Amino acid sequence: MKSIVCGAGVVGSSIAEQLSKEGLDVTVIDRSEELIKKINEKLDVKAIVGHGSNPSVLKQANASECDIFIAVTQYDEVNMVACQIAHTIFEIPTKIARIRQQDYLLENWSNLYRKNHLPIDDIISPEIEVAKAISRRLHAPGAFDILELADDKIKLIGIKCEKNCPIVNKSLRQLSKDYPEALTNIMLIIRKDKHFVPNSKTELLIGDQVYLVVETSHVNKTMSAFGHNEKESSNVIIVGGGNIGYSLAKIIEDEDNSVTAKIIELNEDRSNWLASNLKNTTVINGDALENEILEEVNISSVGSFISVTNDDEVNVLSSLLAKRGGSHECITLINNSSYISLLSNIGIDITIDPRAITISTILRKVRRGRIRSLYSIGEDFGEVIEAEINETSTFANKSIKDIALPKNVRVGAVLRDGKVIIPNSDTIFKKNDDVVFYSEKSSIKNLEKLLALLP
Numbered sequence: 148m149k150s151i152v153c154g155a156g157v158v159g160s161s162i163a164e165q166l167s168k169e170g171l172d173v174t175v176i177d178r179s180e181e182l183i184k185k186i187n188e189k190l191d192v193k194a195i196v197g198h199g200s201n202p203s204v205l206k207q208a209n210a211s212e213c214d215i216f217i218a219v220t221q222y223d224e225v226n227m228v229a230c231q232i233a234h235t236i237f238e239i240p241t242k243i244a245r246i247r248q249q250d251y252l253l254e255n256w257s258n259l260y261r262k263n264h265l266p267i268d269d270i271i272s273p274e275i276e277v278a279k280a281i282s283r284r285l286h287a288p289g290a291f292d293i294l295e296l297a298d299d300k301i302k303l304i305g306i307k308c309e310k311n312c313p314i315v316n317k318s319l320r321q322l323s324k325d326y327p328e329a330l331t332n333i334m335l336i337i338r339k340d341k342h343f344v345p346n347s348k349t350e351l352l353i354g355d356q357v358y359l360v361v362e363t364s365h366v367n368k369t370m371s372a373f374g375h376n377e378k379e380s381s382n383v384i385i386v387g388g389g390n391i392g393y394s395l396a397k398i399i400e401d402e403d404n405s406v407t408a409k410i411i412e413l414n415e416d417r418s419n420w421l422a423s424n425l426k427n428t429t430v431i432n433g434d435a436l437e438n439e440i441l442e443e444v445n446i447s448s449v450g451s452f453i454s455v456t457n458d459d460e461v462n463v464l465s466s467l468l469a470k471r472g473g474s475h476e477c478i479t480l481i482n483n484s485s486y487i488s489l490l491s492n493i494g495i496d497i498t499i500d501p502r503a504i505t506i507s508t509i510l511r512k513v514r515r516g517r518i519r520s521l522y523s524i525g526e527d528f529g530e531v532i533e534a535e536i537n538e539t540s541t542f543a544n545k546s547i548k549d550i551a552l553p554k555n556v557r558v559g560a561v562l563r564d565g566k567v568i569i570p571n572s573d574t575i576f577k578k579n580d581d582v583v584f585y586s587e588k589s590s591i592k593n594l595e596k597l598l599a600l601l602p
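Quick note, the working numbering runs 147 ahead of the 1-based positions in the sequence shown.
If you want it as structure tokens, here you go:
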């Protein structure tokens, strides 16, 4: 399978790197000679200096033989035009574009992206995806990560073992006996700078970051087992009324009547726009780094303080001030991913990496066959994959013990006829089962072969 990635920034280079590792023939296009030089030095891909919307450049990239075209330059218009040329001239079957300007995403203009207009198969809006990710976290206080799987019958939850965690120093075998519904399948443990797939003898330690899958109806039991009995936040403060802050406020207004939200926005014109376009959200024009503003929003009573400006420094400092002022939980957007590992030590509860979310979303669109959902964990740790078992899969009509699973692959849960099954070695997979896997990056290609997703 051949792919073209248009844009060699952090997102484009990360996508190219992952697709290359999985054996795809990848070509990267960017107008920056410096970025293309870095790509050539780092990755085993073809790299071309030029504009991705230029037909001659696409011809040089053998676009007529391409299966997937991914446009992730910093300019929406270049991404859209590049997809148009990829479709009209080179007939590339699948075209994915990152579009950040919210005006292009309004429902009024949805006809724009039909095949006889701008033929883009999948549009990725980083701001909306980030807002959705934050919204999910609001429904599981104490979790640093949460994802809906299998039609929301299953949740993937990331939880940190804090000092008061009652289940540390116990083996997973013992925990599964003590908490048969709440701690059914721990798939990954991140311990200090290392990550690993645990076995039944593994014990949880203070400071561990744990990823597990659980039936959605048992999420509260799981959080309680880890020592988290907090109620969902009924009041939320959002710092930054840009596209992410606005999208999050809209989600809260549209989906959760039990939550009240306030936005603190520094720019007066933007504040007025927000006030005109949000129905039930209070908009405060001011600086979130000023104590007077934090006192105005009664920071000591705030359940979740969410800082999503474009400035990492503002996000970190405002979160620390809110935490000191009594806010229960702080969720902080960090654009520079190298900072993330440092922040948990200074009081930041949850960090959001917008690039990681964007990359995960795009890779989910790229996946072949019957993969229904995909989520990247950490910095190149691995992926949680939800896939449907088909009749040609190695898994069909076999039990786990009869299948030679690739190293560092774990089966988390099975959804069959609307019911959740936590599998053991004797569980037999059937056609049309939805199965949740965790796989290290190095094993993804082998897992896809077993699932009959690759030739």
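Just so you know, even glycine gets a beta-carbon here, dropped at the ideal spot from N, CA and C.
Small disclaimer: the values here were computed from a predicted structure and weren't measured.
8 Å Cβ cutoff, residue i in contact with chain D
{"i": "Ala233", "result": "Within the model displayed, chain D is absent; a lone protein chain is all it includes."}
For residue i, three-class secondary structure by DSSP
{"i": "Gln111", "result": "Since the first residue shown for the chain is 148 and the last is 602, residue 111 is missing from the structure and cannot be characterised."}
{"i": "Ala297", "result": "coil"}
{"i": "Tyr585", "result": "strand"}
{"i": "Val152", "result": "strand"}
{"i": "Asn209", "result": "coil"}
{"i": "Lys512", "result": "helix"}
{"i": "Asn445", "result": "coil"}
{"i": "Thr505", "result": "helix"}
{"i": "Gly472", "result": "helix"}
{"i": "Ser485", "result": "helix"}
{"i": "Asn579", "result": "coil"}
{"i": "Leu464", "result": "helix"}
{"i": "Asp458", "result": "coil"}
{"i": "Val344", "result": "coil"}
{"i": "Gly529", "result": "strand"}
{"i": "Arg320", "result": "helix"}
{"i": "Val204", "result": "helix"}
{"i": "Ala435", "result": "coil"}
Among the options, the one whose alpha carbon lies nearest that of residue i
{"i": "Lys588", "options": "Val582, Ala534, Ile524 and Gly389", "result": "Ile524"}
{"i": "Arg100", "options": "Asn346, Lys307 and Val360", "result": "Outside the modelled stretch of the chain, which goes from 148 to 602, sits residue 100, for which no answer is possible."}
{"i": "Tyr377", "options": "Val361, Arg284 and Leu322", "result": "The sequence shown places Glu at residue 377, not Tyr. Residue Arg284 is the option with its Cα nearest to Glu377."}
{"i": "Glu181", "options": "Asp191, Ile195, Thr174 and Val173", "result": "Ile195"}
{"i": "Gly450", "options": "Ile385, Asp177, Arg511 and Ser347", "result": "Ile385"}
{"i": "Asp250", "options": "Ser394, Gln165, Cys213 and His198", "result": "Ser394"}
{"i": "Asn438", "options": "Glu538, Gly473 and Asp191", "result": "Gly473"}
{"i": "Glu415", "options": "Ser423, Asp401, Ile398 and Gly433", "result": "Gly433"}
{"i": "Gly630", "options": "Ser447, Ser465, Thr574 and Val344", "result": "With the chain covering only 148 through 602, there is no way to say anything about residue 630."}
{"i": "Lys348", "options": "Asn457, Asn445 and Leu322", "result": "Leu322"}
{"i": "Asp298", "options": "Val567, Leu594 and Ala435", "result": "Val567"}
{"i": "Gly427", "options": "Ile215, Ile440 and Ala396", "result": "The identity of residue 427 in the sequence shown is Asn, whereas the question assumes Gly. Checked all of Ile215, Ile440 and Ala396; the closest Cα to Asn427 is Ala396."}
{"i": "Asp268", "options": "Asn255, Tyr585 and Val513", "result": "Val513"}
{"i": "Asp340", "options": "Ile487, Val219, Phe216 and Val461", "result": "Ile487"}
{"i": "Ile333", "options": "Asn445, Asp580, Ile569 and Ile391", "result": "Ile569"}
{"i": "Pro288", "options": "Thr220, Ala435, Glu164 and Ile497", "result": "Ile497"}
{"i": "Asp549", "options": "Glu442, Thr456, Asn263 and Leu597", "result": "Leu597"}
Distance between beta carbons of residue j and residue i, contact taken as under 8 Å
{"i": "Lys319", "j": "Ala372", "result": "A small correction: the amino acid at residue 319 is Leu; Lys does not occupy that position in the sequence shown. With 8 Å as the limit, Leu319 and Ala372 do not qualify as a contact, their Cβ atoms being about 12 Å apart."}
{"i": "Val406", "j": "Val383", "result": "6 Å"}
{"i": "Ile183", "j": "Ser160", "result": "That belief does not hold up - the Cβ atoms of Ile183 and Ser160 are roughly 10 Å apart, past 8 Å."}
{"i": "Pro553", "j": "Ser520", "result": "In fact, because the Cβ distance is near 19 Å, the residues do not count as touching under 8 Å."}
{"i": "Gly271", "j": "Ala290", "result": "For clarity, residue 271 is Ile in the given sequence; the question names Gly instead. About 24 Å separates the two Cβ atoms, so there is no contact after all."}
{"i": "Phe576", "j": "Ile532", "result": "That pair is no contact at about 14 Å."}
{"i": "Leu296", "j": "Lys317", "result": "At roughly 26 Å, the Cβ-Cβ gap does not stay under 8 Å, so Leu296 and Lys317 are not in contact."}
Residue span of the beta strand (DSSP E) that contains residue i, given as start and end
{"i": "Gln356", "result": "Gln356 to Glu362"}
{"i": "Asn382", "result": "Asn382 to Val386"}
{"i": "Glu238", "result": "Glu238 -> no beta strand (DSSP E), and no H or E assigned at all."}
{"i": "Ile337", "result": "Asn332 to Arg338"}
{"i": "Ile176", "result": "Asp172 to Asp177"}
{"i": "Lys193", "result": "Lys193 to Val196"}
{"i": "Asn593", "result": "Here Asn593 belongs to no beta strand (DSSP E); instead the alpha helix (DSSP H) covers Ile591 to Leu597."}
{"i": "Ile431", "result": "Thr429 to Asn432"}
{"i": "Val158", "result": "Here Val158 belongs to no beta strand (DSSP E); instead the alpha helix (DSSP H) covers Val157 to Lys168."}
{"i": "Lys566", "result": "Lys566 to Ile568"}
{"i": "Ala560", "result": "Val556 to Arg563"}
Any non-hydrogen atom of the ligand COA closer than 7 Å to residue i Cβ
{"i": "Cys477", "result": "For the structure depicted, the ligand COA is absent and the ligand set is empty, with no information on it obtainable."}
Boundaries of the alpha helix (DSSP H) in which residue i is found, first to last residue
{"i": "Tyr393", "result": "Asn390 to Glu402"}
{"i": "Leu521", "result": "Leu521 -> not in any alpha helix (DSSP H); beta strand (DSSP E) instead, spanning Ile518 to Ile524."}
{"i": "Met370", "result": "Val366 to Ala372"}
{"i": "Cys230", "result": "Asp223 to Thr235"}
{"i": "Asp214", "result": "Premise fails: Asp214 is in no alpha helix (DSSP H) and is neither H nor E."}
{"i": "Asp269", "result": "Counting along the chain, Asp269 falls outside any alpha helix (DSSP H), though it belongs to the beta strand (DSSP E) covering Asp269 to Ile271."}
{"i": "Lys185", "result": "Glu180 to Lys189"}
{"i": "Gly450", "result": "Looking at the DSSP string, Gly450 is not in any alpha helix (DSSP H), and its letter there is neither H nor E."}
{"i": "Ala422", "result": "Glu415 to Asn424"}
Review point. Using 8 Å as the threshold, is the region 156-170 in touch with the region 226-241, meaning 3 or more CB pairs across them?
Key: no
Review point. Just checking, does the region 501-516 make contact with the region 560-578 on the three C-beta pairs under 8 Å criterion?
Key: no
Review point. Does the pairing of the region 344-363 with the region 296-313 give three or more beta-carbon distances under 8 Å?
Key: yes
Practice item. Kindly confirm or deny that the region 407-425 and the region 360-371 touch, where touching means at least three C-beta pairs closer than 8 Å. Key: no
Check your understanding: When the Cβ atoms of the region 216-230 are set against those of the region 242-259, are three or more pairs found closer than 8 Å?
Key -> yes
Check your understanding: Any contact of the region 448-462 with the region 474-487, i.e. 3+ C-beta pairs under 8 Å?
Key -> yes
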